[in-house]
Amino acid sequence: MFEARPAPSASNFLYSMTARLALFRPVEALPLRGTVNLQFLWTIRQSLCYDISMSSLSHLRALEAESIHILREVAAEFAKPVMLYSIGKDSSVMLRLAQKAFHPGKIPFPLLHIDTTYKFKEMIEFRDWYPASIGADLRVYVNREARDAGANPVSLGTSKCCGLLKTRALLNALSEGGYDAAFGGARRDEEKSRAKERIYSFRDQYGQWDPKNQRPELWNVFNSRIDKGQSIRVFPLSNWTEIDVWHYIHLENITVVPLYFAKPRPMVVRGGSLIPMEHGVIPLLPGEAPQMVMCRMRSLGCTPCTGAIRSEAGSVPQIIEELLRFRRSERENRIIDHDQEGSMELKKREGYF
Amino acid sequence: MIAAETNPESLSAESLSIDEFLARELNKELLRFSTAGSVDDGKSTLIGRLLYDARGIYEDQLDSIRKSKVNRSSGAIDFSLLTDGLRAEREQGITIDVAYRYFSTPRRKFIIADTPGHEQYTRNMATGASTAQLAIVLVDARNGVLPQTRRHATISSLLGIPRIVLAVNKMDLVNYSREVFEKIRADFLHFSRDFEFEEIQPIPISALEGENVARRGVRMPWYDGPALLEYLEAAPVSAATNSSPLRFPVQYVIRPNQHFRGYAGQIASGTLRVGDPVTVLPSGQSSRIASIATFDGELQSAHAPMSITVTLEDERDISRGDMLVHPEEQPHAARRFEANLVWMAEDPLAAGRSLLLKHTAQQVSARVHSIESRLDIHTMERKPAGALSLNDIGAVRIDASRPIFFDRYRDNRLTGAFILIDPLTNGTVGAGMIQSAIQRRALDLGHVTPEERYERNGHGPALLALANGPLALRLERRLFDHGCQVLAVAPGTHSATLYAAGLIVISPWFADARAIDLNRLPLPKDEDAAADAIMAYLEQNGTLATDRFSGGEGI
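Protein chains in written order, with my numbering: chain A, 1 to 353; chain B, 354 to 908.
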């Protein structure tokens, strides 16, 4: 069901102030590889402002223009769009693009967070202040029935748990809300089956994807025709890569959840994995105990199913540097995509994003 | 094992600081290219090699490929497994859909539209080609130029891709022979002489051995051109659209308060400056650009492909689907035009079919007036045809229910393109590239034809038998408000004359075989709902031009 939303409180406000201040930290904490030149960084930002003398747009500005086109097209052609907001970096970029697309107007659709109740506390805090701070209308949906029945990834297995708390919850929220189009922040470079997904991904009455029967998508002309009960998932960031997303966050100075930045956090070290212990769902093995590890999250999901990576990266430029040095696909630390070969495709056929 | 080699994208601590690195990264250009070829040509291997050599493949993706169940070739790494995404494809070992791949080098970010090469996937090739600025046409050195090579080049040309790389692959299997390469090069240049490519760059490669892929190899000293990746990094990214005439299709009207009325859209071509005089199409009204508003502040000018919002100096009635242009550089305006069409649906297209046409930000109903010819993909000849089947490419004449504003596709790939949508299945069934407007011939002096009446009225004639008097009046009003020529009459009126005049006639009954008996329809009790149902019915049977009733233009 849709959750009742609290009014912005003083504590949220305080949090927002700290998080804003934290924005400035990254620049100070630049790597001491040679001298850090703040003036130089400023020059970069300036040089990236639109300049008519440039014969073509930089790749980020070209991606931005394409995404804004998609956002506007959906807002114009669908009766009731909604933007899936997962609190992560991709959602943050998508949200900024939506601000840009409809400026100086307000974003003409609500945001929807599917809360599995296993998210990191810092994610929920961020969710509760950031969208409100830019005037966006956020709704939260929880599959209360499944959650009250005790759904969790250990007793059910990750794929059943995702099925109930994410896929089922999402489908219920879309149908209860009467939404005919839903934006998602998925990118084609994330996973092999996503590489073939359209920007407008058609879903039948049951929210299912049929990869063999996708509508051809040519130029920037999108087919928005659907029948009652059907819907479209729209992926404005389809052509962005993980690095593009971080570059854009840097370029645009976008606030993201502090979990992305390295600091010592309590983790259980198991094999090569760092498992956050926040919700206490994962049982400890004999001899295991949480220890403080300098780490950060590369992608944000549910605490029991999202591993951290060892990292010293405390700023956006450092994250970019780390990504380039240490190339591991960001989904590697999410258990769900590795259930079996092609598991993401199976989930998507069933209605998952 | 794959050793972590020095990454050309990564930072070299000695030479580059993070901020210098970021500055360079942020100024990269974007190049979109398509590839077409079958598994046998080694296309997947070539892309895998490109991604790999450009270090675009993450280590753990490589790990998961080593675990993969199917392995089509023995040897170290099967690069092709990196690129085939869907389960069915992995099982069958073929590429059936368009897949998009991303990689970057220090100079550019690349988007690859990787498309299947077989004839039954022409529509996928066209899809991939539609956004590409460059195409790699892959040839197996052992086989030379094949019918499918011609098909790839033809589709690339039709879809307006300016640059072609002729990648002659598997040179390792022909002893890196210069003669073999020169023969293929000559064959290709000969048959593509009529295509309007700006540039064709032939490159001899071995994807398997990595020869001339990322860097120039040592085994073909006779070749002095660029390696494939070098060429991709240097090929001009078409900036020609900036100097083209301004085309600004209005996508969305932003009206946060009474003082701001902004027209949002992505510039399709050209440049726009504050103070520029503009003409609004279709109304023909003129005004000037008052401001260019963006989230990052006001701009003095903007160019394609930026997404912007403009305000005008005068209050004008402008909505989605309209277009702003410079007064002295107007596009064509026509209801009837000729276009090349890629047919993408299972059921064949015959002349007379009513479809929805989406062009820039507008959707109109349209009829395929006639099929002029079908392109024989083997002989490259255009032959008369009565229908177009799935994956056929033909020349068609389209009658739209109202004028659209376009440029020829060869002049503008965005304002010259349209898609066709089946109003019943909602599927995207055709992709069109406009060639020219069809001018009304001077000899059109005979009787006005039913087609011309249909065009003007937006509906065909109909005799609707409806016994329910109040509902008949309600329906007459609905149709009239909808813009139809409609008349409710007493039985016995000269309905045949009214029919010939193109009217929709409503009466309790008709003594005419052409009459549609609405009394048989299971209509809702509520009159409004019943009128709705009848409108939907008339739309489905083609009497009404669909867009006027259901078109998604509401903002």
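Think of the CB as a built atom: it goes at the ideal place given N, C-alpha and C, for glycine as much as any other residue.
All values reported here derive from a predicted model rather than from experimental measurement.
Rounded C-alpha distance that separates B:Asp885 from B:Pro823: 14 Å
DSSP three-state assignment for B:Arg755, whether helix, strand or coil: strand
Residue environment, B:Ile645, which counts as buried when at least 16 other CB atoms sit within 10 Å: buried
With 16 other Cβ atoms within 10 Å as the buried cut-off, status of B:Trp575: With a threshold of 16 other beta carbon atoms within 10 Å, B:Trp575 falls short and is exposed.
Host alpha helix (DSSP H) of B:Thr480 (start-end): Secondary structure note for B:Thr480: its alpha helix (DSSP H) is the uninterrupted segment Thr475 to Ser483.
Contact list for B:Leu480 against chain A, beta-carbon separation under 7 Å: It is Thr, not Leu, that sits at residue 480 of chain B in the sequence shown. The answer, in chain order, is Pro216, Glu217 and Leu218.
Under 8 Å (Cβ pairs) to chain A, residues found in the region 767-791 of chain B: Leu767, Ala770, Phe771, Ile772, Ile774, Pro776, Asn779, Gly780, Thr781 and Ala784
Partner residues on chain B for A:His113, Cβ-Cβ distance less than 8 Å: What A:His113 touches in chain B: nothing, since even the nearest Cβ is about 23 Å away.
Supposed contact pair A:Leu112 and A:Tyr85 - C-beta distance, whole angstroms, cut 8 Å: 6 Å
9 Å Cβ cutoff, A:Ala149 in contact with chain B: no
Any C-beta of chain A under 9 Å from that of B:Arg608: For B:Arg608, the nearest beta carbon of chain A is closer than 9 Å to its own beta carbon.
Nearest residue (CA-CA) to B:Leu819, options B:Thr768, B:Leu777 and B:Pro875: B:Pro875
Own chain, CB closer than 7 Å to A:Lys100, minus 5 neighbours either side, in chain order: Ile68
Test: B:Gln611 CB closer than 9 Å to a CB of chain A: Chain A contact via Cβ: absent.
Contacting positions in the region 447-479 of chain B - beta carbon closer than 9 Å to chain A: Ile449, Asp450, Val451, Ala452, Tyr453, Arg454, Tyr455, Phe456, Ser457, Arg461, Lys462, Ile464, Asp467, Arg476, Asn477 and Ala479
Residue burial classification, B:Leu709 (beta-carbon count within 10 angstroms, cutoff 16): buried
Three-state class that DSSP yields for B:Ile558 in the structure shown: coil
Contact set between the region 371-385 of chain B and chain A, restricted to residues whose Cβ is under 7 Å from the partner: Answer set for the region 371-385 of chain B: Ile371, Asp372, Leu375, Ala376, Glu378, Leu379, Asn380, Lys381, Glu382 and Leu383.
Contacts around B:Asn894, its chain only, beta-carbon distance under 6 Å, and the 5 residues preceding and following it disregarded: none
Beta strand (DSSP E) runs wholly inside the region 487-520 of chain B, at least 3 long, in chain order: 487-493
Test item: CB-CB of B:Tyr529 and B:Arg572 under 9 Å: yes
Any C-beta of chain A under 9 Å from that of B:Gln619: yes
A:Gln318 classed as buried or exposed, judged by whether at least 16 other C-beta atoms fall within 10 angstroms: Counting Cβ neighbours within 10 Å, A:Gln318 comes out buried, since at least 16 surround it.
Candidates B:Gly623, B:Phe544, B:Ala841 and B:Ser457, of which the one nearest B:Thr732 by Cα: B:Phe544
9 Å Cβ cutoff met for B:Ala337 and B:Ile514: The requested residue 337 of chain B is not part of the displayed model; chain B covers only 354 to 908.
Inter-stretch contact (C-beta, 8 Å, three-pair minimum) for the region 183-202 of chain A and the region 138-148 of chain A: Contact fails between the region 183-202 of chain A and the region 138-148 of chain A, because fewer than three Cβ pairs, one in each stretch, are under 8 Å apart.
Pair within 9 Å by beta-carbon distance, B:Lys396 and B:Leu491: In this structure, B:Leu491 lies closer than 9 Å to B:Lys396 by Cβ.
Contact check, B:Ser754 vs B:Ser718, beta carbons under 9 Å: yes
Short Cβ contact (9 Å threshold) for B:Ser742 with B:Pro701: The criterion of a C-beta distance shorter than 9 Å is satisfied by B:Ser742 and B:Pro701.
Min CB distance B:Asp525 to chain A below 9 Å: Cβ-Cβ to chain A under 9 Å: no for B:Asp525.
Cβ of A:Ser175 within 9 Å of any chain B Cβ: Not closer than 9 Å to any Cβ of chain B, the Cβ of A:Ser175 fails to qualify, so no.
Per-residue contacts from A:Gln99 into chain B (C-beta, under 9 Å): Contact of A:Gln99 with chain B by beta-carbon distance below 9 Å involves Phe648.
A:Asp204 beta carbon less than 9 Å from that of A:Lys80: No.
Any 3 or more C-beta pairs closer than 8 Å across the region 227-247 of chain A and the region 267-286 of chain A: Between the region 227-247 of chain A and the region 267-286 of chain A there are fewer than three inter-stretch CB-CB distances shorter than 8 Å, so the stretches are not counted as touching.
A:Thr167 versus A:Gly207, A:Gly157 and A:Arg72, residue with shortest Cα-Cα distance: A:Gly207
Min CB distance B:Val590 to chain A below 9 Å: yes
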